[in-house]
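S.K.:
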Amino acid sequence: MAPPAGKRVKGVQIYRPFIYGTTAHPYNDTDHPRPASVPSDHTHSWTVFVKGVDDVDIFYWLRRVQFKLHESIPNHLRTIDAETIQKENEGRPAAQRQKGFVVEETGWGEFEITIRLYYDVRSAEKPQTLYHHLRLHPYGRTEQEKEAMRNGGEVVAWVYEEQLFNEPFEDFYKILTTGARDRNASAGGKGKGKGKGKNAPPPPGEGGGEVKERSAMIPLTNRPGQPFSRETEQLEIKRLKEAEDKVNQMVLEMSKAVKAKEAELAVLKRSATSTAA
4 MAPPAGKRVK
14 GVQIYRPFIY
24 GTTAHPYNDT
34 DHPRPASVPS
44 DHTHSWTVFV
54 KGVDDVDIFY
64 WLRRVQFKLH
74 ESIPNHLRTI
84 DAETIQKENE
94 GRPAAQRQKG
104 FVVEETGWGE
114 FEITIRLYYD
124 VRSAEKPQTL
134 YHHLRLHPYG
144 RTEQEKEAMR
154 NGGEVVAWVY
164 EEQLFNEPFE
174 DFYKILTTGA
184 RDRNASAGGK
194 GKGKGKGKNA
204 PPPPGEGGGE
214 VKERSAMIPL
224 TNRPGQPFSR
234 ETEQLEIKRL
244 KEAEDKVNQM
254 VLEMSKAVKA
264 KEAELAVLKR
274 SATSTAA
């Protein structure tokens with residue numbers, strides 16, 4: 004691969020949020036029957052994916068994803084190219100366009116999926132590897148969480164991640180920092196004159212909660228099918244703070260207990276010394 008043209012933009016870091024993971028649905032006789040073409044021992048249909056937060060476009064920086072499934076699955080190495088997806092999306096209504104890199108399968112067992120990410124050649128970034136455990140059965144930190152997932156009819160195992168581009172090359176920097184737009188706006192932009200039709204990405208916290216294409220924004224609040232947002236971030240910070248306070252309290256109590264035991268030990272030593280004398 005030829006080296007990218009231009010120089011690196013020094014002192015600059017740009018990140019892009021994305022989601023990867025799996026969603027599984029158990030077969031049943033009511034709303035999700037097993038198709039006749041599916042083996043009788045397959046208990047679930049499932050998908051593994053890499054996509055943008057809130058289904059925004061990621062094809063401009065992520066160009067290929069390779070999924071390595073369990074070797075017992077036919078064609079267990081699946082490679083999906085952004086160019087192929089974009090061609091297939093041409094002419095489709097927006098609601099029917101594929102928003103990310105997706106593999107659909109059926110099966111009965113859980114296993115680890117290897118996900119390899121390949122970036123735009125102008126980034127000069129080496130491929131990165133992620134590992135994700137396919138979950139077919141409800142899970143959670145509490146029984147309530149497991150029960151909620153069980154009642155929901157699907158097993159969701161999604162991970163929020165941020166791709167960091169450190170000091171990107173000039174050409175790739177332009178790709179990352181131009182073209183930010185509202186979700187329903189066209190990619191071309193309008194207007195005349197230098198700089199018209201090109202929008203710099205808005206700061207992550209701006210935009211009134213509406214996530215823009217080609218930006219680092221995430222939604223302000225959660226909604227069905229979109230569990231990652233500033234609201235999620237604040238809840239996680241709150242949980243971490245509560246856990247930190249709990250640990251600090253445990254350390255304080257343990258320190259008091261140790262000092263009490265040390266004082267008790269000192270009394271016993273003095274008593275033993277006086278008795279021996």
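All you need for the numbering used here is the position in the sequence shown, starting with 1, plus 3.
A virtual CB, placed ideally from N, CA and C, is assigned to each residue, including glycine.
1) Tell me whether the beta-carbon of Y23 lies closer than 8 Å to the beta-carbon of I118.
2) Within 8 Å, do at least three Cβ pairs link the region 76–92 to the region 226–243?
3) Within 10 Å of its beta-carbon, does F62 have 16 or more other beta-carbons around it, so buried, or fewer, so exposed?
4) Cβ atoms of E170 and R19: under 8 Å apart, would you say?
5) So T25 and W49 are supposed to be a Cβ contact under 8 Å. How far apart are they, rounded?
6) With three or more beta-carbon pairs closer than 8 Å as the criterion, would you say the region 65–78 touches the region 26–42?
7) On the premise that F231 lies in contact with Y163, defined as a C-beta separation below 8 Å, what is that separation, rounded to the nearest angstrom?
8) For I76, which residues from the same chain have a beta carbon less than 8 Å from its beta carbon, with the 5 sequence-adjacent residues on both sides left out?
9) Enumerated in chain order, which unbroken segments of the beta strand (DSSP E) with a length of 3 residues or greater are wholly contained in the region 87–123?
10) Can you tell me whether A27 is buried or exposed? The criterion is at least 16 other CB atoms within 10 Å of its CB, across all chains shown.
11) Which residue marks the beginning of the beta strand (DSSP E) containing E165, and which one marks its end?
12) Bridge partners of I17, per DSSP?
13) Let me make sure I understand the geometry here. Which of G155, S43, D248 has the alpha-carbon closest to that of P227?
14) Looking at the structure shown, is A127 part of a helix, part of a strand, or coil, going by DSSP?
15) Hey, how far is the Cα of T180 from the Cα of N92?
16) With R186 and E216 assumed to form a contact (beta carbons below 8 Å), what rounded beta-carbon distance in angstroms separates them?
17) So I116 and H140 are in contact, right, with Cβ under 8 Å, and what is the actual spacing, rounded?
18) Using 10 angstroms around the beta-carbon of H47, count the other beta-carbons present and answer buried if the total reaches 16, otherwise exposed.
19) Going by Cα to Cα distance, which pick from V105, R100, V59, L80 is closest to A219?
20) Between K264, E247, F21, W161, which lies nearest to V51 when the distance is taken from Cα to Cα?
M.R.: Put simply:
1) yes
2) no
3) buried
4) no
5) 6 Å
6) no
7) 5 Å
8) E108, G110
9) 103–110, 115–122
10) buried
11) 158–169
12) F168
13) G155
14) coil
15) 24 Å
16) 6 Å
17) Not really, about 16 Å apart at Cβ, beyond 8 Å.
18) buried
19) V59
20) W161
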